[in-house]
Amino acid sequence: MTNLLDEYDGEVVPINPKRDELFGLECYEDLGQVPYTVDMAVVVVPPTIVNDVVEQAGEVGVRNLVIITAGFGETGSEGAQRERKLKEIAEEYDLNIVGPNCLGIMNTGIGMNATFGPDSPLEGNISFMSQSGAFITAVLDWALDEGIGFKDVVSLGNKAVMDSTDFIEFWDDDPETDVVIAYLESIDEGGEFIETAREASEDTPIVVLKSGRTDAAAQAASSHTGAIAGAEEAYEAGFKQSGVLRANTVQEMFDYARALSGMPLPDTEEIAIVTNAGGPGVMATDAVGDSDVLEMAEFEEDTVEALQEGIPEGGNIYNPIDVVGDADVERFEKALDIALQDPNVGSALVLSAPTAVIDYENLSDMVAEMSEKHGLPIAGCLMGGERAQKANDALSEYGIPNYFDPSQAVKAIEGLTEYANTRKEEIREPTEYDVDRDRAREILERAEEGEDNRLGVEAMELLDAYDIPTPQGDIVDSPDEAHEVAAAIDGPVVMKIVSPDILHKSDIGGVKVGVEQADVRDAYEDLITRARNYQPDANILGVQVQEMIDLDDQTETIVGMNRDPQFGPLVMFGLGGIFVEVMEDTSIRVAPVSDKEATEMVDEIQAAPLLRGARGQTPADEDEIIETIQRLSQLVTDFPAILELDINPLVAGPDGVEAVDLRLTVDTDQL
Ligand code: ADP
Ligand code: MG
Numbered sequence: 063m064t065n066l067l068d069e070y071d072g073e074v075v076p077i078n079p080k081r082d083e084l085f086g087l088e089c090y091e092d093l094g095q096v097p098y099t100v101d102m103a104v105v106v107v108p109p110t111i112v113n114d115v116v117e118q119a120g121e122v123g124v125r126n127l128v129i130i131t132a133g134f135g136e137t138g139s140e141g142a143q144r145e146r147k148l149k150e151i152a153e154e155y156d157l158n159i160v161g162p163n164c165l166g167i168m169n170t171g172i173g174m175n176a177t178f179g180p181d182s183p184l185e186g187n188i189s190f191m192s193q194s195g196a197f198i199t200a201v202l203d204w205a206l207d208e209g210i211g212f213k214d215v216v217s218l219g220n221k222a223v224m225d226s227t228d229f230i231e232f233w234d235d236d237p238e239t240d241v242v243i244a245y246l247e248s249i250d251e252g253g254e255f256i257e258t259a260r261e262a263s264e265d266t267p268i269v270v271l272k273s274g275r276t277d278a279a280a281q282a283a284s285s286h287t288g289a290i291a292g293a294e295e296a297y298e299a300g301f302k303q304s305g306v307l308r309a310n311t312v313q314e315m316f317d318y319a320r321a322l323s324g325m326p327l328p329d330t331e332e333i334a335i336v337t338n339a340g341g342p343g344v345m346a347t348d349a350v351g352d353s354d355v356l357e358m359a360e361f362e363e364d365t366v367e368a369l370q371e372g373i374p375e376g377g378n379i380y381n382p383i384d385v386v387g388d389a390d391v392e393r394f395e396k397a398l399d400i401a402l403q404d405p406n407v408g409s410a411l412v413l414s415a416p417t418a419v420i421d422y423e424n425l426s427d428m429v430a431e432m433s434e435k436h437g438l439p440i441a442g443c444l445m446g447g448e449r450a451q452k453a454n455d456a457l458s459e460y461g462i463p464n465y466f467d468p469s470q471a472v473k474a475i476e477g478l479t480e481y482a483n484t485r486k487e488e489i490r491e492p493t494e495y496d497v498d499r500d501r502a503r504e505i506l507e508r509a510e511e512g513e514d515n516r517l518g519v520e521a522m523e524l525l526d527a528y529d530i531p532t533p534q535g536d537i538v539d540s541p542d543e544a545h546e547v548a549a550a551i552d553g554p555v556v557m558k559i560v561s562p563d564i565l566h567k568s569d570i571g572g573v574k575v576g577v578e579q580a581d582v583r584d585a586y587e588d589l590i591t592r593a594r595n596y597q598p599d600a601n602i603l604g605v606q607v608q609e610m611i612d613l614d615d616q617t618e619t620i621v622g623m624n625r626d627p628q629f630g631p632l633v634m635f636g637l638g639g640i641f642v643e644v645m646e647d648t649s650i651r652v653a654p655v656s657d658k659e660a661t662e663m664v665d666e667i668q669a670a671p672l673l674r675g676a677r678g679q680t681p682a683d684e685d686e687i688i689e690t691i692q693r694l695s696q697l698v699t700d701f702p703a704i705l706e707l708d709i710n711p712l713v714a715g716p717d718g719v720e721a722v723d724l725r726l727t728v729d730t731d732q733l
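First residue of the sequence shown? That's 63 in the numbering used here, and the numbers climb one at a time after it.
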């Protein structure tokens, strides 16, 4: 109540059945007694009566509630039951509810502090949401010191009704919010989050600090993709696709936020560094070298010539520009002005150590002027103690952050550049291929008969239904039939045991490559014997006789899928063998993936050069790989019943791809 009464210009009405007056205000017995409909109710009653209050709110038309009370899903089965009920009521009356179990919300624009935190923040253009209420109070305390202001602050609590996606959507349309920052521990509807955040990122940058999760769920998975695409990878992929900037530390989150809230966006990925000190210049250059996004700007000839005139002997006219220790503000200005005129340069960093001839306040004013004049971001790294503090104050007046550490300044510009790149990219829709869904469903239904709802190569037709190329072949259950199928195929064949009980066929000698026509019958008998020896009661469906692919100029790749509880289907790509198993060199995206995302997946793996002919091979047909990734993405999006799937290997060569092996798990209840 005191927080609310403090600055809020609207009306606040206390409700409590035991009092007639509270804080000098008339107090009502319940929401129904208030003679008008309130805009929002802050609920701080005991957990056992929260739902009654919410129900009444719904009845009298109060549509917005902040439930601070704890004792819901976070406390056990009774609390969880209470939270389910709360959701039902919210749905019935179409209520917007923040919490329960949260600190509350603030809106500095209207001076509303509906939290039980100790301070109100400064006004600003950053909106902040957090899954931890305690983190909010710590951040606000620190931000007061740092002079960082906020528009809205939201403690998400248990997210029973409203979650991060709802707020992103709201802030995207809020003219007073320029940057969104979020501390998240989990994301509930991953697909929806990606879509909303990507859309919002078109004009509102979103910075997310996410704490880690355990990979226990991933370890329990039985496919390659399952073991590799764990929770952490899902978030990585989801954040990439949603256009959010991911911060790894609290410091980084605010470095990004401050840069994004006060500076223009760079128009290229190249940065110019202007310094009066050699050492820090080297540090900054190293930091640019470490960045995946930024590059040191290469100056045009004109730029170099112009710089030559203004910089004395002993300095450096190439990037990083060293204006030498005796540089005054004018020399800095000249160098910066020239560098920012260079068309390659998209941003700049001004580095300075204190000297007798440099005045940090004048230098700060100049930096702000130059940024304004060129419409480009300049980060300050005016180093030192008390002097630097003055520079901090002067620069922050202009919305420019100042850093002590050159690498931190570079990181902030990197964040801006990454966001500028996101904005430049158009949002692409996944390709919709013409496929045979009915046939796919029929094949998936066969999983009901198999052990643990698993399917193997006997389900290869599933891939045919989605036009993913497979070698010619068939499954047979007699030596004669095997011979017949082999005879219809040119040259030697590959024969494999087909059994849902045998996951790794080669491990038991269940794959024979290069079987000549004359040996097909014997090979059949041998495969069956091996399977029987391995597991006498194995359910053996037969033997697959398959066209043999000449692997000479081919690369074995893996395309797979695994479901993340939060993000849904994750599609994985990598090279077979040690690359996936030992190096874990894979790329992952949340399905459905677009053409561009599938292309990135191929680009991203470290072994990509091997596909492109690094060992003197003919390069593989990358377009076919990219198309296969998308077709698989469509398959697993169309059928939520597919829990895991591996095409291992998808053989890729100059003439296209062939899926020679398949393994999947189906939840037949979902078909
Ligand atoms: P599993 O993974 O269960 O051991 P696969 O069907 O993947 O069985 O076969 C194992 C390996 O045999 C493949 O990685 C590939 O090197 C080779 N192989 C399988 N099928 C063919 C084929 N049709 N043509 C050429 N090589 C094949
Ligand atoms: Mg295999």
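Built from N, CA and C at the ideal position, the CB exists for glycine as well. Predicted model, so just to flag it, every value in this text is computed and none were measured.
Cβ-based burial, residue i [other Cβ within 10 Å; buried from 16]
{"i": "isoleucine 172", "result": "exposed"}
{"i": "leucine 478", "result": "buried"}
{"i": "arginine 308", "result": "buried"}
{"i": "isoleucine 51", "result": "As displayed, the chain neither begins before 63 nor continues past 733, which places residue 51 out of reach and without an answer."}
{"i": "glycine 518", "result": "buried"}
{"i": "alanine 103", "result": "buried"}
{"i": "proline 382", "result": "buried"}
{"i": "tyrosine 98", "result": "exposed"}
{"i": "valine 419", "result": "exposed"}
{"i": "glutamine 606", "result": "buried"}
{"i": "asparagine 63", "result": "Contrary to the premise, residue 63 reads as methionine rather than asparagine in this sequence. So methionine 63 ends up on the exposed side."}
Closest Cα partner of residue i within the set the options
{"i": "glycine 300", "options": "Ser263, Gly253 and Pro492", "result": "Gly253"}
{"i": "phenylalanine 85", "options": "Leu506, Val75 and Asp92", "result": "Val75"}
{"i": "leucine 632", "options": "Glu298, Cys443 and Glu507", "result": "Glu298"}
{"i": "alanine 721", "options": "Asp404, Glu618 and Asp626", "result": "Glu618"}
{"i": "phenylalanine 466", "options": "Val115, Glu294, Gly343 and Thr690", "result": "Gly343"}
{"i": "arginine 677", "options": "Gln696, Asp685, Asp615 and Met645", "result": "Asp615"}
{"i": "leucine 246", "options": "Gln534, Phe229 and Thr99", "result": "Phe229"}
{"i": "lysine 396", "options": "Val385, Lys473 and Ala453", "result": "Val385"}
{"i": "proline 468", "options": "Asp354, Val350 and His566", "result": "Val350"}
{"i": "tyrosine 380", "options": "Glu360, Asp364, Arg393 and Lys213", "result": "Glu360"}
Backbone secondary structure at residue i - three-state DSSP
{"i": "aspartate 626", "result": "strand"}
{"i": "serine 285", "result": "The predicted position of serine 285 is uncertain, since its pLDDT is 49 and thus under 50; a value taken from the coordinates is nonetheless stated next. In the structure shown, serine 285 sits in coil (DSSP, three-state: anything other than H, G, I, E or B)."}
{"i": "asparagine 65", "result": "helix"}
{"i": "phenylalanine 178", "result": "coil"}
{"i": "lysine 567", "result": "coil"}
{"i": "threonine 648", "result": "strand"}
{"i": "serine 469", "result": "helix"}
{"i": "glutamate 73", "result": "coil"}
{"i": "aspartate 615", "result": "coil"}
{"i": "isoleucine 167", "result": "strand"}
{"i": "valine 312", "result": "helix"}
{"i": "glutamate 491", "result": "coil"}
{"i": "leucine 733", "result": "coil"}
{"i": "glutamate 298", "result": "helix"}
Opening and closing residue of the beta strand (DSSP E) in which residue i lies
{"i": "glutamate 231", "result": "Premise fails: glutamate 231 lies in the alpha helix (DSSP H), 226 to 235, not in any beta strand (DSSP E)."}
{"i": "lysine 149", "result": "It is not in any beta strand (DSSP E) - lysine 149 instead sits in the alpha helix (DSSP H) that spans 139 to 155."}
{"i": "threonine 337", "result": "332 to 337"}
{"i": "glutamate 606", "result": "The displayed chain sequence assigns glutamine, not glutamate, to residue 606. Where glutamine 606 is concerned, the enclosing beta strand (DSSP E) stretches over 604 to 609."}
{"i": "arginine 725", "result": "725 to 728"}
{"i": "phenylalanine 212", "result": "211 to 217"}
{"i": "asparagine 601", "result": "It is not in any beta strand (DSSP E) - asparagine 601 carries neither H nor E in the DSSP assignment."}
{"i": "tyrosine 245", "result": "241 to 246"}
{"i": "methionine 191", "result": "184 to 192"}
For residue j and residue i, believed in contact at Cβ under 8 Å, the rounded distance
{"i": "valine 105", "j": "leucine 127", "result": "6 Å"}
{"i": "isoleucine 620", "j": "isoleucine 704", "result": "Between isoleucine 704 and isoleucine 620 the Cβ distance is about 16 Å, and since that is not below 8 Å, they are no contact."}
{"i": "glycine 408", "j": "leucine 438", "result": "6 Å"}
{"i": "aspartate 647", "j": "glycine 636", "result": "6 Å"}
{"i": "glycine 179", "j": "threonine 199", "result": "5 Å"}
Span of the alpha helix (DSSP H) around residue i
{"i": "cysteine 396", "result": "The sequence given here places lysine at residue 396; cysteine does not occur at that position. Taken as a continuous stretch (DSSP letters only), the alpha helix (DSSP H) holding lysine 396 covers 391 to 403."}
{"i": "lysine 452", "result": "448 to 459"}
{"i": "isoleucine 505", "result": "499 to 507"}
{"i": "leucine 694", "result": "684 to 700"}
{"i": "glycine 351", "result": "340 to 352"}
{"i": "aspartate 588", "result": "582 to 596"}
CB contact below 7 Å: residue i versus chain D
{"i": "glutamate 295", "result": "The structure shown contains no chain D, having only a single protein chain."}
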